[in-house]
Every structure is written in C-alpha cells, then in structure tokens.
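S.K.:
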Amino acid sequence: MIVCEACGVALDPEARFCGGCGQRRRSGLTGEINLSGITEITVTADQAAAPLVQPTEKSESDLSGVTLNGRYQIESRLGKGGFGSVYRARQLQMNREVALKILHPHMAADPQLVERFKREAQASSKLRAPHTVMVYDFDQTEDGTLYMAMELLRGRSLGHAIGEEGALSPERVVVILDGIADSLEEAHAQGIVHRDIKPENVYLESKPTADFVKVLDFGIAKIISGAPALTAAGQTLGTLEYMSPEQLMGESLDGRSDLYALGVLGYEMLTGRHPFEARSAGELISAHLRKVPPPVSTLSKTHVVPPALERILMRLLAKKRDDRHADAAALRNDLLGALKRASEPALKRDPVRSPPAKIDPPTEQLQRGNRRMLIAATILGAVTALAFGLAFWFFR
Ligand SMILES: Nc1ncnc2c1ncn2[C@@H]1O[C@H](COP(=O)(O)OP(=O)(O)OP(=O)(O)O)[C@@H](O)[C@H]1O
Ligand SMILES: [Mg+2]
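FYI, our numbering numbers position 285 of the sequence shown as 285, with every residue one higher than the one before it.
Structure representation (structure tokens):
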C-alpha cells in the first residue's frame with residue numbers, strides 16, 4: 001500500500017496529491033537526469049545522476065506537547081515539507097495560535113541550509129501584502145533548533161484544492177492568479193524572488209472572500225544573486241515542475257522567473273495537469289527549455305477557457321523572460337481585462353432579468369379555441385333571442 005509521506009493516509013497509486021493533506025507525492029519524478037542534448041546546463045556527473053525534486057527527509061519525532069524556547073506550546077503537526085515540519089502552536093506571551101515551522105534536526109547541522117532557513121524568515125518578515133503569510137518571529141533555540149512562527153492559516157493548500165476538485169473554473173483561476181501576483185508584486189519590488197511557487201506554497205482561505213490567497217514560503221527566496229538551480233547535494237532550489245528555463249540554466253533570476261511558475265500553476269489549475277508530462281527529470285528539463293505546451297483550451301474538459309486567459313498563460317510560459325509580462329503588476333492588469341472579457345458572454349448566457357413570459361403554442365391554441373366558442377355561443381344566443389322575439393310578436 002502506498003501512503004502519503006507527510007500524513008500517512010493511504011494513496012491511490014495514480015494520485016499526484018494526497019487526498020488527506022494535499023501534499024504532492026514526492027516520488028513522482030525521481031528518475032536520473034539524462035542531460036543528453038541539454039548542453040547548456042553545467043552540472044557534474046554526480047548531480048546528473050542524483051534524484052531531483054526535493055531533499056530527502058529523515059524520520060523525526062513529533063514535537064506535539066513540547067514547549068519550545070519557553071515561548072511556544074506545540075499542539076499538533078500540520079505537515080512535513082522538504083526543509084521542516086509545520087506545527088499548530090500557541091504563542092504563550094501573546095496567547096495566540098500560530099503555525100510553527102521547525103527545520104528538520106539533521107538539517108540544522110548543515111550551515112548552508114541553516115543559512116537558507118534564516119534567509120527565508122528574514123525575507124518573509126519584511127513582507128506585508130495581504131496575500132502573503134505574515135511571519136511573526138524566528139529564532140534558534142539553545143539546542144540549535146531553528147524555528148519560524150507565522151500566521152496560522154485556515155483553509156487548504158491549492159494542491160489540496162486541485163487534488164480534491166480537479167480543474168478549477170477560469171473565473172476562480174483568475175482570482176487565484178491575481179492574489180498570487182499581488183503577493184509577488186510587493187516581494188519583487190523588494191528584490192525578493194520566491195523561486196518556489198507551487199500549489200503547496202499557496203493557501204486558499206475562505207475569508208474575507210472565497211479563495212483568498214496566501215503565499216507561503218518565500219523560503220528559498222533570496223535577495224537576487226545567481227545561485228545555481230542544482231546545488232552541490234543534487235537538490236533543487238525549487239520544484240522542477242514549476243522551474244523557469246533560466247532557473248534550470250542557473251542564470252541569475254528576477255521576478256519573471258516566478259511569473260513562469262505562475263504560468264505553470266495557472267495551466268495546472270485550468271486543466272488538472274502540467275504543461276509538460278514527462279517520465280524523467282531530464283525529459284522535464286528538456287521540455288521546459290524547448291517544448292511548447294499544448295494550448296489549455298484543447299485540454300480543459302470541464303470549462304470553456306476564455307481565449308484572453310489562454311493568451312496570458314502562454315505568455316507567462318514563454319521560454320525567454322523578455323517575452324513574458326514585464327512584472328506582476330502588468331500581469332494583474334492583463335488578468336483584469338481577461339476577467340472582464342470572460343464575464344461578458346457569461347452575462348449574456350445568464351441574464352439577470354428573466355426573459356418576457358412567452359405563451360407556449362398549446363396554451364395559445366387553447367385560448368384561440370375558447371375565443372371562437374365564446375363568439376359562436378354569443379351569436380347562437382342572439383339568434384335564439386331574436387327567434388323568440390319574432391315568435392312572440394307573430395302569435396300574440
Ligand atoms: N502558516 C501555515 N498555516 C497552516 N498550515 C501551514 C502553514 N504553513 C505550512 N502549512 C502546512 O504545513 C505543511 C508543510 O508545509 P511545508 O512548507 O513545510 O511543506 P511544503 O510546502 O510541502 O514543502 P517545502 O518545504 O518545499 O515548502 C503543508 O501541508 C502546509 O499546508
Ligand atoms: Mg511550503
């Protein structure tokens with residue numbers, strides 16, 4: 001039996017996401033990277049042979065019930081990710097519920113990863129956009145445990161939503177993309193590239209409005225400088241399915257790399273599948289670099305995709321960043337236009353006022369027949385009255 005690595009729920013062998021916690025199955029793409037023909041990427045043979053996607057996790061004890069640093073009462077584990085576990089906890093001093101991300105203990109021993117974790121917390125704590133998760137605090141305990149306290153989100157991850165519902169309607173997709181773009185707009189203005197936009201790092205809350213987006217984990221986001229996508233340990237700074245061609249090439253990144261990931265996300269939300277379906281990591285890299293994805297309108301089985309939205313997604317998925325939207329603000333403008341255009345035919349299809357009442361043919365016929373009978377009866381009545389009148393006059 002296959003079970004979710006994060007929550008232990010039994011999984012369908014074909015499932016891409018866990019139905020219990022929404023976690024993506026990490027075992028999806030662990031083939032060796034066949035770099036034949038991808039000469040532009042410079043990686044060592046060891047890196048090429050290493051399984052990609054995420055760093056491996058060691059099993060670790062559940063910290064539920066523990067008081068951390070004398071400040072956080074840990075209640076229960078919400079889930080596990082590549083770099084840490086996330087717990088629901090109570091911040092004792094403030095008496096408020098928080099989400100506590102705790103770095104996996106074996107990673108706290110790796111100075112590079114510790115550095116990355118600290119950078120995640122520092123970068124995130126500067127962000128204030130309504131669609132970005134609020135980071136309250138981060139610290140390292142005396143025994144070396146690294147943690148970050150953040151706003152506790154109520155709702156579910158976008159991965160969970162796609163896993164449960166499959167393809168989403170174009171209207172919802174536009175709202176979700178717009179929320180993420182709003183979060184990115186602020187981060188990009190501060191020189192922070194997210195680098196790991198994926199369904200697990202987008203949360204959907206139901207308040208203050210439906211599908212209210214919160215972007216999580218500006219974790220591997222870093223103040224722009226060119227670190228290679230493939231690290232020495234064969235890990236990726238990001239998730240392969242959502243990586244832009246320039247990220248895969250190890251070029252220095254700007255916000256347009258996140259816009260590419262957003263294109264992949266939009267494609268996935270509309271169709272329930274990725275733009276590129278590959279059997280190995282190498283095939284996927286090659287597709288990101290060279291292949292044009294099939295138009296979403298040919299794949300969306302449940303919804304009609306407005307052409308304007310399809311154009312936006314194809315532009316986001318452009319191989320060259322200069323061919324994408326210049327920034328998140330430009331994308332938001334474009335999305336607004338697409339939403340307006342999409343709603344026009346919808347309004348025509350679903351008018352607010354009810355159409356004028358129309359008499360159906362049988363009713364009309366019935367009414368016409370009744371009218372004739374009434375006229376005939378009136379004439380008959382008049383003739384009879386006249387006959388009686390004449391007879392009375394004649395025989396009197
Ligand atoms: N602020 C939060 N509020 C509520 N749940 C959260 C919060 N942050 C994370 N979670 C949940 O905790 C789980 C683990 O999150 P985590 O970020 O560690 O993993 P991930 O996003 O799958 O992988 P990665 O380490 O690559 O980010 C996820 O299921 C997520 O939905
Ligand atoms: Mg995450």
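For glycine and all other residues, C-beta sits at the position ideal for the given N, C-alpha and C.
#1: Would you kindly report the start and end of the unbroken alpha helix (DSSP H) that includes Asp258?
#2: Going by beta-carbon coordinates alone, are Val215 and Thr132 separated by less than 8 angstroms?
#3: If you run the structure through DSSP and keep just helix, strand and coil, what is Met94?
#4: Hey, how far is the Cα of Ala308 from the Cα of Asp334?
#5: Looking at the unbroken alpha helix (DSSP H) that takes in Glu164, where does it start and where does it end?
#6: Under 6 angstroms Cβ to Cβ from Gly272, same chain only, skipping five residues before and after it: list those, please.
#7: Flag this pair as touching only if the region 242-251 and the region 192-212 have three or more C-beta atom pairs under 8 angstroms; answer yes or no.
#8: Could you check where the beta strand (DSSP E) with Arg172 kicks off and where it finishes?
#9: What does the Cβ neighbour count give for Val135, buried or exposed, with the cut at 16 atoms within 10 Å?
#10: Shortest alpha-carbon distance to Ile73 belongs to which of Val175, His288, Tyr147 and Leu313?
#11: Could you check whether Leu204 and Leu158 sit closer than 8 angstroms to each other, using their CB atoms as the reference points?
#12: DSSP three-state label for Tyr87, please.
#13: Taking 6 angstroms as the limit between beta carbons, can you name the residues of its chain near Val98, skipping five residues before and five after?
#14: In chain order, what residues of the same chain have a beta carbon less than 8 angstroms from the beta carbon of Leu331, not counting five sequence neighbours either side?
#15: By the three-class DSSP mapping on this structure, what secondary structure does Arg77 have?
#16: Rounded to the nearest angstrom, what separates Gly282 and Pro294 at their Cα positions?
#17: Residues near ligand 2, CB to any non-hydrogen atom under 6 angstroms, in chain order?
#18: Using DSSP with H/G/I as helix, E/B as strand and the rest coil, what is Asp327?
#19: Take Arg77 as the anchor and find which of His188, Gly70 and Ser85 has the nearest alpha-carbon.
#20: Less than 7 angstroms between the CB of Lys101 and some heavy atom of ligand 1, yes or no?
#21: Keeping to the same chain, check which residues put their C-beta closer than 6 angstroms to that of Leu113; ignore five residues upstream and five downstream.
#22: Can you give the Cα-Cα distance for Leu127 and His188, rounded to whole angstroms?
#23: Got a sec: does ligand 1 put a non-hydrogen atom nearer than 7 angstroms to the Cβ of Met249?
#24: I need the straight-line Cα distance from Ala338 to Asp62, nearest angstrom please.
#25: How big is the Cα-Cα spacing for Met94 and Gly70?
#26: What's the gap between the Cα of Leu68 and the Cα of Arg154?
#27: May I ask you to report which of helix, strand or coil DSSP gives Glu120?
#28: Pro275: which of Met314, Gly255, Ser252 and Leu253 sits nearest, CA to CA?
#29: Since Glu310 contacts Val292 with CB under 8 angstroms, what's their CB separation in whole angstroms?
#30: Please find out if some non-hydrogen atom of ligand 1 comes closer than 7 angstroms to the beta-carbon of Leu153.
#31: Return the bridge partner residues of Gln140 from the DSSP annotation.
#32: Between Val86 and ligand 1, is the CB less than 7 angstroms from at least one heavy atom?
#33: Considering just the uninterrupted stretch of the beta strand (DSSP E) at Glu205, what are its terminal residues?
#34: For ligand 1, I want to know if Phe117 counts as a neighbour, meaning its beta carbon is within less than 7 angstroms of at least one of the ligand's heavy atoms.
#35: Under 6 angstroms Cβ to Cβ from Lys101, same chain only, skipping five residues before and after it: list those, please.
M.R.: Considering the structure as presented:
#1: Here residue 258 refers to the residue found at position 258 when the sequence shown is read from its first residue. Note, Asp258: alpha helix (DSSP H), Gly255 to Thr271.
#2: By 1-based counting over the sequence shown, the position of residue 215 is 215. By 1-based counting over the sequence shown, the position of residue 132 is 132. Here Val215 is near Thr132, since their CB atoms are less than 8 angstroms apart.
#3: For the purposes of this step, residue 94 is taken as residue 94 along the sequence shown, with counting starting at 1. Coil, per DSSP.
#4: Translated into positions along the sequence shown, residue 308 becomes position 308. Translated into positions along the sequence shown, residue 334 becomes position 334. Looking at the two C-alpha atoms, the distance is approximately 9 angstroms.
#5: Here residue 164 corresponds to residue number 164 of the sequence shown, with the count starting at 1. In the DSSP assignment, Glu164 falls within the alpha helix (DSSP H) that extends over Leu158 to Glu165.
#6: In the sequence shown, counting from the first residue as 1, residue 272 sits at position 272. Its chain contains Gly166 and Ala167 as the residues whose beta carbon lies nearer than 6 angstroms to that of Gly272, once the 5 sequence neighbours on both sides are disregarded; these appear in chain order.
#7: Touching, yes, given that three or more Cβ pairs across the two stretches are closer than 8 angstroms.
#8: Numbered from its first residue, the sequence shown carries residue 172 at position 172. Arg172 -> not in any beta strand (DSSP E); alpha helix (DSSP H) instead, spanning Pro170 to Ala189.
#9: In the sequence shown, the residue the question calls residue 135 occupies position 135. Val135 counts as buried, since no fewer than 16 other beta carbons sit within 10 angstroms of its beta carbon.
#10: As a first step, residue 73 must be located in the sequence shown, where it is residue number 73. Before going on, a small fix: residue 73 reads as Gln here, not Ile. Of Val175, His288, Tyr147 and Leu313, the residue nearest in Cα terms is Tyr147.
#11: The sequence position of residue 158 within the sequence shown is 158, counting from 1. The sequence position of residue 204 within the sequence shown is 204, counting from 1. Contact flag set, yes.
#12: Your numbering for residue 87 matches position 87 in the sequence shown. Strand.
#13: Along the sequence shown, one-based indexing puts residue 98 at 98. The beta carbon of Val98 lies closer than 6 angstroms to those of Ala89, Gln91, Ala149 and Leu152 in the same chain, with the five residues before and after it left out.
#14: By one-based count along the sequence shown, residue 331 stands at place 331. Taken in chain order, the residues that qualify are Leu177, Ala181, Leu259, Leu262, Ile312, Leu316 and His325.
#15: To locate residue 77, count along the sequence shown from 1; it is residue 77. Under the three-state reduction of DSSP, Arg77 is assigned to strand.
#16: The count along the sequence shown starts at 1 and reaches residue 282 at position 282. The count along the sequence shown starts at 1 and reaches residue 294 at position 294. Just so you know, the alpha carbons of Gly282 and Pro294 end up roughly 19 angstroms apart.
#17: Any residue whose Cβ sits closer than 6 angstroms to a heavy atom of ligand 2 makes the list: Gly81, Glu200, Asn201, Leu216 and Asp217.
#18: Counting from 1 along the sequence shown, the entry for residue 327 is found at position 327. Here Asp327 carries a coil assignment [DSSP, helix/strand/coil].
#19: By 1-based counting over the sequence shown, the position of residue 77 is 77. Nearest C-alpha to Arg77: Ser85.
#20: As a position in the sequence shown, residue 101 is number 101, starting the count at 1. Short note on Lys101: C-beta closer than 7 angstroms to some heavy atom of ligand 1.
#21: Position 113 of the sequence shown holds residue 113. Excluding sequence neighbours, Leu113 sits near Met107.
#22: Within the sequence shown, residue 127 is the residue found at index 127, counting from 1. Within the sequence shown, residue 188 is the residue found at index 188, counting from 1. Computed Cα separation, rounded: 10 angstroms.
#23: To locate residue 249, count along the sequence shown from 1; it is residue 249. It does not: the Cβ of Met249 is nowhere closer than 7 angstroms to a heavy atom of ligand 1.
#24: Indexing the sequence shown from 1 puts residue 338 at position 338. Indexing the sequence shown from 1 puts residue 62 at position 62. The straight-line gap from Cα to Cα measures roughly 46 angstroms.
#25: As a working note, residue 94 is residue 94 in the sequence shown. As a working note, residue 70 is residue 70 in the sequence shown. Separation of Met94 and Gly70 (C-alpha to C-alpha, rounded to the nearest whole angstrom) is 13 angstroms.
#26: Numbered from 1 along the sequence shown, position 68 holds the residue referred to as residue 68. Numbered from 1 along the sequence shown, position 154 holds the residue referred to as residue 154. So the two alpha carbons sit approximately 23 angstroms from each other.
#27: Sequence index remark: in the sequence shown, residue 120 carries index 120 (1-based). Residue state for Glu120 is assigned as helix, using DSSP reduced to three classes.
#28: For the purposes of this step, residue 275 is identified with residue 275 of the sequence shown, where counting begins at 1. Cα-wise, what sits closest to Pro275 is Met314.
#29: Within the sequence shown, the letter at position 310 stands for residue 310. Within the sequence shown, the letter at position 292 stands for residue 292. The beta-carbon distance between Glu310 and Val292, rounded to whole angstroms, is 13 angstroms. This is too long to meet the 8 angstroms contact definition.
#30: By 1-based counting over the sequence shown, the position of residue 153 is 153. In terms of side-chain proximity, the C-beta atom of Leu153 is found nearer than 7 angstroms to a non-hydrogen atom of ligand 1.
#31: Translated into positions along the sequence shown, residue 140 becomes position 140. According to DSSP, which records beta bridges pairwise, Gln140 is partnered with Leu146.
#32: Here residue 86 corresponds to residue number 86 of the sequence shown, with the count starting at 1. Checking the Cβ of Val86 against ligand 1 gives yes.
#33: Taking the sequence shown and counting its residues from 1, one reaches residue 205 at position 205. Where Glu205 is concerned, the enclosing beta strand (DSSP E) starts and stops at Val202 to Glu205.
#34: In the sequence shown, counting from the first residue as 1, residue 117 sits at position 117. Answer for Phe117: no, Cβ out of range of ligand 1.
#35: The count along the sequence shown starts at 1 and reaches residue 101 at position 101. For Lys101, where only same-chain residues beyond five positions count, the Cβ hits under 6 angstroms are Gly84, Val86 and Met148.
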